[in-house]
Amino acid sequence: MPLASYQTSVPVVVDDAKCIADKGCTVCVDVCPLDVLRISDMTGKAFMAYDECWYCMPCEADCPTGAVTVNIPYLLR
Amino acid sequence: MAMDEIVDGLSEVSCDVLVIGGGTAGPMAALKAKLKNPKANVVLLEKANVKRSGAISMGMDGLNNAVIPGYATPEQYTKEITIANDGIVDQKAVYKYAERCYGIIEELDSFGIRFLKNENGDYAVKKVHHIGTYVLPMPNGETVKKAIYRQLRRARILISNRYMATRLLTGSDGRIAGAISVNTRTAEVLVIKAKAVILCMGAAGRLGLPTSGYMFGTYENAANSGDGYAMAYHAGAALANLECFQINPLIKDYNGPACAYVAGPFGAFTANNEGSRFIECDYWSGQMMLEFYNELQSGKGPVFLKLDHLHEDTISEIETTLHKVERPTRGLFHEGRKTDYRQEPIEMHISEIGFCSGHSASGVFVDEFARTTVPGLYAAGDMASVPHNYMLGAFTNGSVAGEDAMEYADNTDFASFDAADIERERERVMAPTRREDGIPPNQIEYKARRLVNDYLQPPKVTRKFELGQRRLAEVREDMETRMIARNAHELLRALETQSIVDCADMAAHASLYRTESRWGLYHLRTDYPEKDDENWFCHSLLSKKDGRMASEKRAVEPYIVPIGEDEKDLYDKQRIRASA
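Sequence order for the protein chains is A and B.
To get my numbering, take the position in the first sequence, counting from 1, and add 49.
To get my numbering, take the position in the second sequence, counting from 1, and add 1489.
Structure representation (C-alpha cells):
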C-alpha cells in the first residue's frame, strides 16, 4: 500500500536565532522522553521531527538559551 | 550517518544486576543494588534518558502515601489499602512498604529533596484518604529527578540511555538470564546477560485512547507503553489482577491530575454541575471513580474541580504548586482556555484505561521482596502488583528489589540459555524494517487503542469484550505480518505498538476471567454486577502457558492486620447521602 504524509502542526517550537545546536548543543534532543526532537541537517538547529508530544517540558526547561517553547498540542488545546 | 538510520548490529555485554527502566523505581533499585555490593556491575537501561524519564520527568508535587510516625502507623495504612482494594491484597508487601517508606523519605531528604514542614519542624502531613493521613507536599518537587541522578553518578552506576528492552532471556532451568534490547536511534541490538533483572518499566499508560484524540496526550508519560507487562508475560511471569484497570479523574482534554491531593487539603473539592459535593473522599479508588462515572452519566454532570470559593492567597499557593511541578504545562493550558481557578470551576473527565498498580492494583505479581514468579526476575514501581504504591512506593519497593536482587546475584551464576533465542528475537524485532510495503505503526497503534476504548472500557459487557477480542486479533495479524518501520524511530514505535496490543489482549482476557464486579468502576461487569466474595475473594493471575494466555485463581495471603466486619465496606460508601 502506498503511504501518504499527514500534515500536523507541532507543539514544540524552536527559536532558530537562540538555538545553539549548530555549536554542538543537543540538550533538548537528549532529554525528550518521547525522543521526538532532532537537529536539522539543513539549518543545524533543533526541531520537532515527530508529533508525538507529552507536553512535559524538559526540552524547554533544560534548554541553556531559552530557545525552546512547548505549546499545548492543538487537539487538546 | 544520520540519526534514525537503521544499522544492522549486534553486541553483547554482561552484568550482575540489570535494572530496566530509569524512571522512579529503577534508579533507586540500581542505587541500592550497587550500594549493597559496590564491586558488582549494575546496569541501568532506559528507553529515554534517565535524567528526564518516567512519570516524574518534571518532578512530583508531593507524596500521596507517606506513613510518618505520629501521623499514621503501618497497621493503619495496611488496613486502609486493604479496604480500598476490596480486600484483594497480600498485606505483607503493603506492610513492608509502610514500615520502610519513612526511612526512604529521610534518605530522599538527605539527597536534597524537601518535604513540607510546619513551624515546629515536623512534616506537615495532610488528610485526603478516607481513614488516615498520608499526603505530604514537596515544595521543591521539581528537583527530584536531578537529585536521584546525582546519586547514580556518585555510585558509578552504568547507565545506557535510548535502549528499549524487548524480551527477557530465560535459562533452560527457568531462571532469568538477561534481556535483549534495541537502540532506539540506530536499531542496533544489544544483549545484556545478567544474573538478576529488575523490571521498573512503569505503567501501561498508552492503552486506551484519550478523548482528545491525541495519541500521546495520555495521563501517564506516553513513553510508558506497557513494555514491562509484555516482557514479563512473554518470560512466563504471572501478572496479577489486570482486570483492576487504572482509570483516573482528570482535567478534561489536558488529561493531567486535577489534582485533589494538592488542592483538596486547602478546601477544593470535586463538584457536580450544581456546585455540590457528591463524593465523600477525593482519594482515587475504584469506588470513587464509579461515583464519578455515575455523576457524569446522570443529568448532574459535567464534573468539576471547584476552587473558586477559596481565598486568593490559597488559590495562588495551589496554582504555584500545580503549575510548576509534575505537569507544568497546565498553566499554559488554562491560559489558552481562559479558565481561571478564581473565576470558575475546572471541567474534569475520566481518563483512558490503563494498567498501573501505582494507582490501582494491576501489575506483575510480586511478593514482599519484589520477586516475580520467575527466579531472578524482580519488578517494582507502577508495573508491580503492590497496590496504590505511587511515587514513594516506587522508591521504596525499588529499594527492596535492588537489595534482594543483589543478594540473589551474589549467590548465583549466569543461567545458560539457548543462543538461538537471540537470533529469533532479533528477527522478530527487525521484521518491520525488512518489509518494503505495509502499514505504519501509528495506524496500527491508533486502531488497537480505538478498539480498547470501544470494547474494553468499563462498564464491561461480555459480548463487547468478545467482539473486541476478535477485532484485536485482526489488528495483531496485521501487526505481525504487515507493519513497517522505515527508520529506527518508527521501529521504536512499532515495538511499543506490540506491547500495547499485548496489554490490550491481557486486559480483555483478565476481565472476562473474573466473573463478578469488584473495585468499583475498575472492574464493573454488567453481566455480573455483584461482588462475589464466595468465589472471587482471590487474586487472578494471568500468565503464558504453552504459548497461550491462561488465568488462574490465587488465594489472598492470610491478613497480618485484621480487618473488622464493620470496616471492610468503608470505601463502598463514597456517595454523599442526601440529608433527610
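For each residue, glycine too, the CB sits at the ideal point set by N, CA and C.
The model shown is predicted, which means the values in this text are computed figures rather than measured ones.
Between the Cα of residue i and those of the options, spot the shortest distance and give me the residue it belongs to.
{"i": "residue 1628 (chain B)", "options": "B:1607, B:1798, B:1533, B:1676", "result": "B:1607"}
{"i": "residue 1549 (chain B)", "options": "B:1581, B:1810, B:1975", "result": "B:1810"}
{"i": "residue 1890 (chain B)", "options": "B:1522, B:2010, B:1924", "result": "B:1522"}
{"i": "residue 1903 (chain B)", "options": "B:2047, B:1954, B:1720, B:1661", "result": "B:1661"}
{"i": "residue 1702 (chain B)", "options": "B:1931, B:1806, B:2024", "result": "B:1931"}
{"i": "residue 121 (chain A)", "options": "B:1923, B:1745, B:2057", "result": "B:1745"}
{"i": "residue 1491 (chain B)", "options": "B:2038, B:1977, B:2046", "result": "B:1977"}
{"i": "residue 1900 (chain B)", "options": "B:1642, B:1595, B:2044, B:1684", "result": "B:1684"}
{"i": "residue 2005 (chain B)", "options": "B:1951, B:1772, B:2049, B:2035", "result": "B:1951"}
{"i": "residue 1747 (chain B)", "options": "B:1840, B:1915, B:1990", "result": "B:1840"}
{"i": "residue 1613 (chain B)", "options": "B:1644, B:1556, B:1527", "result": "B:1556"}
Which residues in the same chain as residue i place their Cβ atom closer than 7 angstroms to its Cβ, once the five residues preceding and following it in sequence are excluded?
{"i": "residue 1946 (chain B)", "result": "1697, 1842"}
{"i": "residue 2063 (chain B)", "result": "1768, 1769, 1770, 1776, 1777, 1780"}
{"i": "residue 1797 (chain B)", "result": "1830, 1831, 1832, 1833, 1834"}
{"i": "residue 1822 (chain B)", "result": "1743"}
Could you check what DSSP says for residue i in three-state terms: helix, strand or coil?
{"i": "residue 1507 (chain B)", "result": "strand"}
{"i": "residue 1887 (chain B)", "result": "helix"}
{"i": "residue 87 (chain A)", "result": "strand"}
{"i": "residue 1618 (chain B)", "result": "coil"}
{"i": "residue 1903 (chain B)", "result": "coil"}
{"i": "residue 1714 (chain B)", "result": "strand"}
{"i": "residue 52 (chain A)", "result": "coil"}
{"i": "residue 1705 (chain B)", "result": "coil"}
{"i": "residue 1954 (chain B)", "result": "helix"}
{"i": "residue 2039 (chain B)", "result": "strand"}
{"i": "residue 118 (chain A)", "result": "strand"}
{"i": "residue 1628 (chain B)", "result": "coil"}
{"i": "residue 2012 (chain B)", "result": "strand"}
{"i": "residue 1830 (chain B)", "result": "coil"}
{"i": "residue 1779 (chain B)", "result": "helix"}
{"i": "residue 2056 (chain B)", "result": "coil"}
{"i": "residue 102 (chain A)", "result": "coil"}
{"i": "residue 1603 (chain B)", "result": "coil"}
{"i": "residue 1583 (chain B)", "result": "helix"}
{"i": "residue 1755 (chain B)", "result": "helix"}
{"i": "residue 1968 (chain B)", "result": "helix"}
{"i": "residue 1549 (chain B)", "result": "coil"}
{"i": "residue 1492 (chain B)", "result": "coil"}
{"i": "residue 1652 (chain B)", "result": "strand"}
{"i": "residue 1672 (chain B)", "result": "strand"}
{"i": "residue 2029 (chain B)", "result": "strand"}
{"i": "residue 96 (chain A)", "result": "strand"}
{"i": "residue 2000 (chain B)", "result": "helix"}
{"i": "residue 80 (chain A)", "result": "helix"}
{"i": "residue 1879 (chain B)", "result": "helix"}
Please confirm whether residue i and residue j have their CB atoms less than 7 angstroms apart.
{"i": "residue 1972 (chain B)", "j": "residue 1933 (chain B)", "result": "yes"}
{"i": "residue 1450 (chain B)", "j": "residue 1573 (chain B)", "result": "There is no way to answer for residue 1450 (chain B), as the model of chain B reaches only from 1490 to 2069."}
{"i": "residue 1647 (chain B)", "j": "residue 1532 (chain B)", "result": "yes"}
{"i": "residue 2013 (chain B)", "j": "residue 1948 (chain B)", "result": "yes"}
{"i": "residue 1853 (chain B)", "j": "residue 1873 (chain B)", "result": "yes"}
{"i": "residue 1782 (chain B)", "j": "residue 1739 (chain B)", "result": "no"}
{"i": "residue 1937 (chain B)", "j": "residue 1974 (chain B)", "result": "no"}
{"i": "residue 1694 (chain B)", "j": "residue 1713 (chain B)", "result": "yes"}
{"i": "residue 1575 (chain B)", "j": "residue 2007 (chain B)", "result": "yes"}
{"i": "residue 1680 (chain B)", "j": "residue 1687 (chain B)", "result": "no"}
{"i": "residue 111 (chain A)", "j": "residue 76 (chain A)", "result": "yes"}
{"i": "residue 1836 (chain B)", "j": "residue 1682 (chain B)", "result": "no"}
{"i": "residue 1664 (chain B)", "j": "residue 1864 (chain B)", "result": "yes"}
{"i": "residue 1601 (chain B)", "j": "residue 1636 (chain B)", "result": "yes"}
{"i": "residue 1749 (chain B)", "j": "residue 1795 (chain B)", "result": "no"}
{"i": "residue 1650 (chain B)", "j": "residue 1535 (chain B)", "result": "yes"}
{"i": "residue 78 (chain A)", "j": "residue 1538 (chain B)", "result": "no"}
In chain order, what residues of the same chain lie with their CB nearer than 8 angstroms to the CB of residue i, ignoring the 5 residues before and after it?
{"i": "residue 1892 (chain B)", "result": "1521, 1522, 1525"}
{"i": "residue 93 (chain A)", "result": "70, 71"}
{"i": "residue 1559 (chain B)", "result": "1611"}
{"i": "residue 2070 (chain B)", "result": "Residue 2070 (chain B) is absent from the model: chain B starts at 1490 and stops at 2069."}
What does a CB cutoff of less than 6 angstroms around residue i pick up in its chain, not counting 5 residues either side in sequence?
{"i": "residue 2048 (chain B)", "result": "1580"}
{"i": "residue 1585 (chain B)", "result": "1857"}
{"i": "residue 1667 (chain B)", "result": "1658, 1681, 1682, 1683"}
Pair every Cβ in the stretch 2026–2036 of chain B with every Cβ in the stretch 1746–1760 of chain B, then say whether three or more of these pairs are closer than 8 angstroms. With the cut-off at 8 angstroms, the stretch 2026–2036 of chain B and the stretch 1746–1760 of chain B do not touch.
Are at least three pairs of beta-carbons, each pair with one atom in the stretch 60–69 of chain A and one in the stretch 111–118 of chain A, less than 8 angstroms apart? yes
Near-chain E residues of the stretch 1733–1753 of chain B - C-beta to any C-beta below 8 angstroms: You won't find chain E in this structure, because its protein chains are A and B.
Within 8 angstroms, do at least three Cβ pairs link the stretch 1844–1863 of chain B to the stretch 1783–1792 of chain B? no
Do the stretch 1952–1962 of chain B and the stretch 1619–1637 of chain B meet, that is, are 3 or more Cβ pairs less than 8 angstroms apart? When C-beta atoms of the stretch 1952–1962 of chain B are compared with those of the stretch 1619–1637 of chain B, fewer than three pairs fall below 8 angstroms, so the two segments do not count as touching.
For the stretch 1908–1918 of chain B and the stretch 1538–1556 of chain B, state whether three or more C-beta atom pairs, one from each stretch, are separated by less than 8 angstroms. Verdict: no, contact absent.
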